[in-house]
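Once you know that position 340 of the sequence shown is 404 in our numbering, the rest is easy, because the numbers rise by one and skip nothing.
Glycine is no exception: its CB is placed at the ideal position from the N, C-alpha and C atoms.
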Amino acid sequence: MERLVIFPMITTGLSPNVERDDIRLALTTLLQPWLWRHGRADVELQSELQQYFRTEYVYPVNSGRTALLILLQSLQLTKDDEVLLQGFTCNAVSNPILWSGAKPVYVDIEPDSYNMSPTDLTKKISSRSKVLIIQHTFGTSAKLTELLAIAKQHQLYVIEDCAHALGARYQQQLVGTFGDAAIFSFGRDKVISSVYGGALLTKQPFTLPSLPSPSLFWIKQQLVHPFITQFRWFLPVAQRLKIISLAVTDGERVGQQPGYFPAMLPNGLARLALHQLRKLEVLNQHRRTLAAFYHQQLNQASWFDDSIYLRYTVRVTNREKVLALAKKSGIILGDWYAAPVVPGHPQQFGYTAGSCPVAEQTAQVVINLPTHIGIKAKHAKQICAVVKPYVD
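Below is the structure:
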């Protein structure tokens with residue numbers, strides 16, 4: 065399937081998974097408003113996810129944030145209960161912890177995988193620790209053997225954050241199937257995309273709370289997104305006019321909870337997610353192929369065989385200069401993550417400056433190279449030509 069390109073530019077996070085067939089499906093659904101909320105797609109999506117993970121307990125919802133929030137709420141945590149998560153993360157993880165009434169405690173990362181450090185985890189656990197969220201950053205699995213052993217020792221409820229890692233494996237087993245539960249995101253720049261969407265996977269039966277359907281206006285904003293983003297010059301206008309929605313609201317940047325979380329996954333977006341799920345292996349194999357090219361061209365040391373490489377992340381000597389030079393060349397590189405918690409001020413999300421020094425240092429020097437289906441070999445060569453002189 066080919067991409068529709070209206071304005072030539074190489075991007076990392078702007079509807080990266082969207083191909084012509086995805087745009088057609090979104091527009092077809094947009095013209096059938098009776099399918100926006102109700103239909104068969106949500107049931108089919110749930111069924112195919114159940115088959116993929118070989119478990120009955122999979123629950124599609126309107127975002128990874130909703131999945132995490134309703135799960136944490138089901139645990140009935142109090143303001144003194146601590147949820148351990150890594151620094152070098154998104155506020156989409158921190159906010160649901162705060163919205164559930166619990167306290168986030170940040171654990172430092174390892175510099176090679178950008179995942180949680182088992183050593184620092186043991187230092188951060190206290191008698192108030194109740195939940196451990198294990199993030200598989202950029203599609204690379206965390207050190208699950210060590211982290212799960214620590215969690216078992218301290219009787220922690222384990223949630224795998226697989227927002228970057230649908231299809232990734234650890235010791236040949238799919239990530240998301242190791243902990244007590246897992247969350248997935250089908251956001252606009254994730255492994256598969258329905259613009260907004262996600263799923264909760266649990267080891268035990270989970271009683272899904274009664275969730276409202278998002279408004280028809282909100283659903284329309286998502287359905288038009290795959291098409292609008294092909295006209296990149298029009299994006300700022302489309303956002304100002306609320307033709308499309310923001311990935312993260314201004315309120316979320318300061319810890320506020322939007323009205324559309326939590327909510328069910330509407331049928332219209334389930335159609336998009338289902339269509340992308342059926343392309344998962346093709347999308348992920350393309351990512352691995354590009355990552356291998358970057359790895360070889362940039363002489364990188366660390367390689368993770370089971371990673372899906374949602375983005376290929378490298379350290380550079382002058383981060384802002386590289387991002388600016390790339391932009392001049394028509395390349396928008398990724399900036400995940402420019403701080404221990406983004407977007408917004410880390411302290412807004414309960415982060416204490418200096419508590420995760422590796423994450424803080426890493427955030428100053430990393431950039432992400434795109435691996436999505438729209439990036440061809442010629443694009444990867446262009447990217448390497450810009451980045452290579454600055455790779456650390």
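Between which two residues does the alpha helix (DSSP H) containing Ile87 stretch? Arg84 to Leu94
Determine the direct distance from the alpha carbon of Gln110 to that of Lys343, and round the result to whole angstroms. 16 Å
Measure the alpha-carbon distance for Arg383 versus Gln428 and round it to whole angstroms. 7 Å
Contact between the stretch 167-185 and the stretch 139-157 (3+ Cβ pairs under 8 Å): yes
Inter-stretch contact (C-beta, 8 Å, three-pair minimum) for the stretch 393-404 and the stretch 70-88: yes
How about Lys194: is its C-beta nearer than 8 Å to some C-beta of chain B? Going by chain labels, chain B is absent from the structure shown, which holds only one protein chain.
Would you be able to state if there are at least three C-beta pairs under 8 Å between the stretch 266-274 and the stretch 114-130? yes
Taking its Cβ as the centre, do 16 or more other Cβ atoms sit within 10 Å of Gly295, making it buried, or is it exposed? The question names Gly, but residue 295 in the sequence shown is Phe. Result: exposed.
Beta-carbon within less than 6 Å of Val69's beta-carbon, same chain only, minus the 5 sequence neighbours each way: which residues are those? Here Val69 scores only 45 on pLDDT, less than 50, and its place in the model is too uncertain to base an answer on.
Taking 8 Å as the cut-off, does the stretch 327-345 touch the stretch 83-90 (at least 3 CB pairs, one atom from each stretch)? yes
Give the secondary structure of Lys284 by DSSP, where H, G and I count as helix, E and B as strand, and everything else as coil. helix
Report all residues from its chain with a CB closer than 7 Å to the CB of Asp184; omit the five preceding and five following residues, and keep chain order. Val171 and Asp172
State the DSSP-derived secondary structure class of Asn81, mapped to helix, strand or coil. coil
For Val346 and Gln320, the rounded distance between their alpha carbons: 37 Å
Rounded to the nearest angstrom, what separates Lys385 and Pro330 at their Cα positions? 42 Å
If you reduce the DSSP assignment to three classes, tell me which class Gln361 lands in. helix
Given a cut-off of 8 Å on the beta-carbon distance, is the pair His200 and Ala232 in contact? yes
For Phe298, which residues from the same chain have a beta carbon less than 7 Å from its beta carbon, with the 5 sequence-adjacent residues on both sides left out? Ile292
Which residue wins for smallest C-alpha separation from Pro276, given the options Tyr221, Thr130, Tyr376 and Leu95? Thr130
List the residues that DSSP assigns as beta-bridge partners of Cys154. Val406
Would you say Pro168 and Phe325 are within 8 Å of each other, going by their C-beta atoms? no
Based on the DSSP output, what are the partners of Ile74 in its beta bridges? Ile395
Look at the alpha carbon of Arg84 and the alpha carbon of Tyr358, and state the distance between them as a whole number of angstroms. 26 Å
Distance check for Thr377 and Pro160, CA to CA, integer angstroms please. 26 Å
Could you pull out every residue in the same chain whose Cβ sits closer than 7 Å to the Cβ of Ser190, ignoring the five residues on either side in sequence? Glu146
Taking the DSSP output, what are the residues bridged to Gln199? Asp225
Start and end residues, beta strand (DSSP E) containing Arg375: Arg375 to Arg379
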